[in-house]
Each structure stands twice: as C-alpha cells, then as structure tokens.
Amino acid sequence: MASEALLQKLNEQITHELGAEMQYLAMSFWFERENLQGMAKWFLAQAVEEHEHAMKIVTFLNEWDLPITLVSPPNPTHDFAHAEAVFEAALGHEQRVTSQITDIFKLAREESAWHIEVAFQWFITEQVEEEVNARDNLAKIRMVGDNPAALLEFDRHLGQLAE
Ligand SMILES: [Fe+2]
Ligand SMILES: [Fe+2]
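Positions 170 to 332 (the numbering used here) are the ones given, in order, by the sequence shown.
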C-alpha cells in the first residue's frame, strides 16, 4: 500500500500544509497592521486554501486506510521588514512545498503506489499555480517600489482577487 517512508512523508505533508496556513495567517495579520487590507485578505484566502490542502491529504489517508499522526508545525514568522519581504518569503515557501510534493510523487512512483501518484498529480498542478501567483506578486511589488499610489493600487487589486 505504502512504505513507512512514504507514509511518514504523507503525514509530514499535513504538517507542512498546516504550517503554511499559519504562516499565511501571520502574513495576513502583518498586512492588517500595515493598513493594507487587500493584501491581508489575499493572504487570509491563501491560509484557507492551505487548510484545505491539509484536509485533502487527511481525506486521502482515511480513504487508503492509512494512519494519521498529527505533528504541530513550527511557529510562523510574524515580523517582516517590508511588504516585499513578505512576498519573497511566500515564494520561497511555495518553492519548498513544491519540492516536498515532488518527493512524495517520486516515492509513490518508485513504489508503484499508483493511487498515491494519481492523487498527488492534483498537488503538482496546484503548486504550478501557487508558484505562478507568488512570482507574479513578487514581480509586481518590486515594480511598486516606493510609490504609495502604486502600493494602494496593488493592494486593491489583490483584495479583489481574494473575493
Ligand atoms: Fe498547499
Ligand atoms: Fe500553497
């Protein structure tokens, strides 16, 4: 069904997704304090998505009759020097998740655990979208630079996307 190593990675991925949820919540709170409510809303929506990712893996493990052991994620980072640093951290985070998902996919293929491989195709597609968004946001916040009007416009834009 699945090796111990693969089972461990699947369980760890639940923690990674819950960790992402907490990190994005902390980023949302940071933007709230900066009076950038659109960005706060965007990161809140990302946090909800990460929770859904964790629960998707929980559902898979239940369906496959595999045991779930919950491990707490590390504390999120709450302090950022500026908005660009938040978007940089978000991109770095998504890139790490992509490599975690790829590891699971590879291991599933090695073990001929086709049900797991097929299930994780969804996550691979999702990570492409997550990285595209994170890169796009980072590029845009860099264009904004020190221009408050552009910052407010980008804030409004992200807030609308999160609706
Ligand atoms: Fe995720
Ligand atoms: Fe994500």
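Note that the Cβ used here is the ideal one computed from N, Cα and C, for glycine as well.
Buried or exposed (CB count within 10 angstroms, at least 16 for buried), residue i
i, result
"glutamate 332", "exposed"
"lysine 210", "buried"
"lysine 178", "buried"
"glutamate 219", "buried"
"methionine 196", "buried"
Range of the contiguous alpha helix (DSSP H) that encloses residue i
i, result
"serine 197", "173 to 202"
"methionine 312", "283 to 313"
"isoleucine 273", "252 to 279"
Where residue i falls: helix, strand or coil (DSSP)
i, result
"proline 243", "coil"
"glutamate 219", "helix"
"histidine 340", "This structure cannot speak to residue 340, because the chain is shown only from 170 to 332."
"asparagine 231", "helix"
"methionine 170", "coil"
"phenylalanine 249", "coil"
Residue i and residue j closer than 8 Å at C-beta
i, j, result
"arginine 325", "glycine 188", "no"
"histidine 262", "glutamine 192", "yes"
"leucine 175", "alanine 277", "yes"
"leucine 235", "alanine 171", "yes"
"leucine 307", "glutamate 257", "yes"
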